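The next block holds one structure in the form of structure tokens; read it before the comments.
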Amino acid sequence: MQTTPVRAPNEAGPAQQPISYPTRREFLEPDWRRIPAYKDVTSEEWESALWQRKHTIKNLRELKAALGPLLPEDLAASIERDQQERATMSVLLPPQMLNTMNLEDLWGDPVRRYMLPAFADRRTDWPNHPRASRDSLHEAEMWAVEGLTHRYPTKVLAEMLPTCPQYCGHCTRMDLVGNDVPQVEKHRFSIGPKERYEKMLEYLRRTPSVRDVVVSGGDIANLPIQQLEPFVSSLMDIPNIRDIRLASKGLMGIPQHFLQDSVLQGLDRLAKKAVERGVDLALHTHVNHARQLTPLVGKAVRKLLDMGFRDVRNQGVLLRGVNDSAPALLDLCFTLLDHAKILPYYFYMCDMIPNSEHWRLSVAQAQTLQHDIMGYMPGFATPRIVCDVPFVGKRWVHQVAEYDRERGISYWTKNYRTGIEANDAEALTRKYEYYDPIDTLPEAGQAWWRDQPKAA
1 MQTTPVRAPN
11 EAGPAQQPIS
21 YPTRREFLEP
31 DWRRIPAYKD
41 VTSEEWESAL
51 WQRKHTIKNL
61 RELKAALGPL
71 LPEDLAASIE
81 RDQQERATMS
91 VLLPPQMLNT
101 MNLEDLWGDP
111 VRRYMLPAFA
121 DRRTDWPNHP
131 RASRDSLHEA
141 EMWAVEGLTH
151 RYPTKVLAEM
161 LPTCPQYCGH
171 CTRMDLVGND
181 VPQVEKHRFS
191 IGPKERYEKM
201 LEYLRRTPSV
211 RDVVVSGGDI
221 ANLPIQQLEP
231 FVSSLMDIPN
241 IRDIRLASKG
251 LMGIPQHFLQ
261 DSVLQGLDRL
271 AKKAVERGVD
281 LALHTHVNHA
291 RQLTPLVGKA
301 VRKLLDMGFR
311 DVRNQGVLLR
321 GVNDSAPALL
331 DLCFTLLDHA
341 KILPYYFYMC
351 DMIPNSEHWR
361 LSVAQAQTLQ
371 HDIMGYMPGF
381 ATPRIVCDVP
391 FVGKRWVHQV
401 AEYDRERGIS
411 YWTKNYRTGI
421 EANDAEALTR
431 KYEYYDPIDT
441 LPEAGQAWWR
451 DQPKAA
């Protein structure tokens, strides 16, 4: 009788990898007392949402008062000039987020680079792409009712309010969100909140093709729970609504808000009702660098998961100088998953808003990053890098139909019509353009763009 020989164990084992795991990053709350203005702040005060909001930094004067000698004079001057000449968002920075910055190197700190932009960060040769626009995704053009964007076949975006607990320099909704700045007079909702919310609900009740609602803004952390809870509860009463996603960068920027008793009680009632109605309720946050994740964020996430939220997911944005390398992205993803219990979900390419060229990456660079992070995370937690193409929507960066790398123009197709294309026969065959940052192009491509007219 012939038997199969037993194979001896081979030499397989852990190999030296380009990126190592586990990461060496400590998961801890940085000591806020190293910041001059917070040197006497108690733990009780620090963990108070009211204290965080009261001491949120709203201008350069308050930033100087908080940091004192830790703020380099040349950086302060550059931030001031940026606010006057380039910034599309005003300064709004909770102490919690300030405390995650590297105060020994604020010029180079990745969190500072996108939360407190400096004029010297921006490009001088191409501060704007000629095709950049204020509402780069044309969301307002797709409002079914004011504030309700119907862009996808089965999904809508409900913009509940135009404010956040913090303002990111690269905000894709800079056309509507935040205070006026010298460069941008913001648009305003024309209908009061109560009437707008009811119009949104009425539209969803008569539109059974919609199953998924993103409740955003602005940021739901700035919407009182007494207004958020009844709106979300009413969504659950609509039979066709099966998924509800609450969007809040504030989960990271001011986690103290989500640890308040009244907020937890309201969210717990919503979570229980979601289970009863068979609705999936999740929260999406926006973290761009591992430094921004601390135990307070993890504590808030665990509260949400324990009460029955299906997931807490992260939708970051790819930004040069912040997270534009595979090690930085994986450091963030491991910290999200291992410590904060947040699922890495998407990384969007930075949208084509004014004065954003120093942050934006090319499609080719994004494709390389997607390649380089594969295999390190479990499949369900490997984030997809997506390009949000105007009039198209999210597309994985490898879904590009054509790509002219010399001129930096990629071409994309889609398989559905947006809310403004009901009678557009060519919507499903048209190729939609997206533009790389011009400084990533060869000289011939840059010369070509220099001769092109700017968008109106």
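Quick note on UniProt numbering: the sequence shown kicks off at 1 and runs consecutively.
Cβ atoms here follow ideal geometry from the backbone N, Cα and C, with glycine treated the same way.
The structure presented is a predicted model; accordingly, all values stated were derived computationally and were not measured.
Straight-line CA distance for residue i to residue j?
i           : j           : result
residue 279 : residue 107 : 45 Å
residue 170 : residue 136 : 12 Å
residue 357 : residue 131 : 11 Å
residue 172 : residue 348 : 11 Å
residue 69  : residue 226 : 41 Å
residue 263 : residue 438 : 45 Å
residue 335 : residue 393 : 28 Å
residue 150 : residue 239 : 18 Å
residue 24  : residue 85  : 40 Å
residue 422 : residue 197 : 24 Å
residue 65  : residue 88  : 23 Å
residue 175 : residue 184 : 8 Å
residue 452 : residue 353 : 18 Å
residue 436 : residue 112 : 24 Å
residue 276 : residue 303 : 19 Å
residue 216 : residue 333 : 23 Å
residue 427 : residue 49  : 47 Å
residue 199 : residue 189 : 13 Å
residue 367 : residue 395 : 12 Å
residue 267 : residue 244 : 13 Å
residue 430 : residue 298 : 44 Å
residue 228 : residue 99  : 28 Å
residue 155 : residue 309 : 19 Å
residue 58  : residue 179 : 11 Å
residue 283 : residue 301 : 9 Å
residue 158 : residue 213 : 7 Å
residue 312 : residue 37  : 33 Å
residue 142 : residue 62  : 38 Å
residue 384 : residue 75  : 34 Å
residue 403 : residue 416 : 21 Å
residue 201 : residue 134 : 28 Å
residue 90  : residue 288 : 19 Å
For residue i, write down the residues that DSSP places opposite it in a beta bridge.
i           : result
residue 314 : 285 and 344
residue 394 : 388
residue 402 : 411
residue 143 : 149
residue 155 : 212
residue 349 : 318
residue 93  : 57
residue 433 : 411
residue 177 : DSSP output for residue 177 lists no bridge partner at all.
residue 280 : 243
residue 184 : 181
Is residue i helix, strand or coil when you go by DSSP?
i           : result
residue 376 : coil
residue 366 : helix
residue 246 : strand
residue 79  : helix
residue 191 : coil
residue 297 : helix
residue 41  : coil
residue 273 : helix
residue 323 : coil
residue 73  : helix
residue 52  : helix
residue 478 : In the structure as shown, the chain begins at 1 and stops at 456. Residue 478 is therefore absent and cannot be evaluated.
residue 66  : helix
residue 134 : coil
residue 160 : coil
residue 205 : helix
residue 222 : helix
residue 445 : helix
residue 125 : coil
residue 425 : coil
residue 331 : helix
residue 84  : helix
residue 166 : coil
For my contact list, residue i and residue j are in at a C-beta cut-off of 8 Å; report their separation, rounded to the angstrom.
i           : j           : result
residue 254 : residue 96  : 6 Å
residue 346 : residue 386 : 6 Å
residue 407 : residue 441 : 7 Å
residue 204 : residue 241 : 7 Å
residue 330 : residue 373 : 6 Å
residue 146 : residue 220 : Rounded, the Cβ-Cβ distance is 18 Å, inconsistent with contact.
residue 128 : residue 165 : That belief does not hold up - the Cβ atoms of residue 128 and residue 165 are roughly 28 Å apart, past 8 Å.
residue 322 : residue 114 : 5 Å
residue 461 : residue 364 : Here the chain covers residues 1 to 456 and nothing more, so residue 461 does not appear.
Any chance you could list the beta strand (DSSP E) runs of at least 3 consecutive residues sitting entirely within the stretch 226-270, in chain order? 243-247
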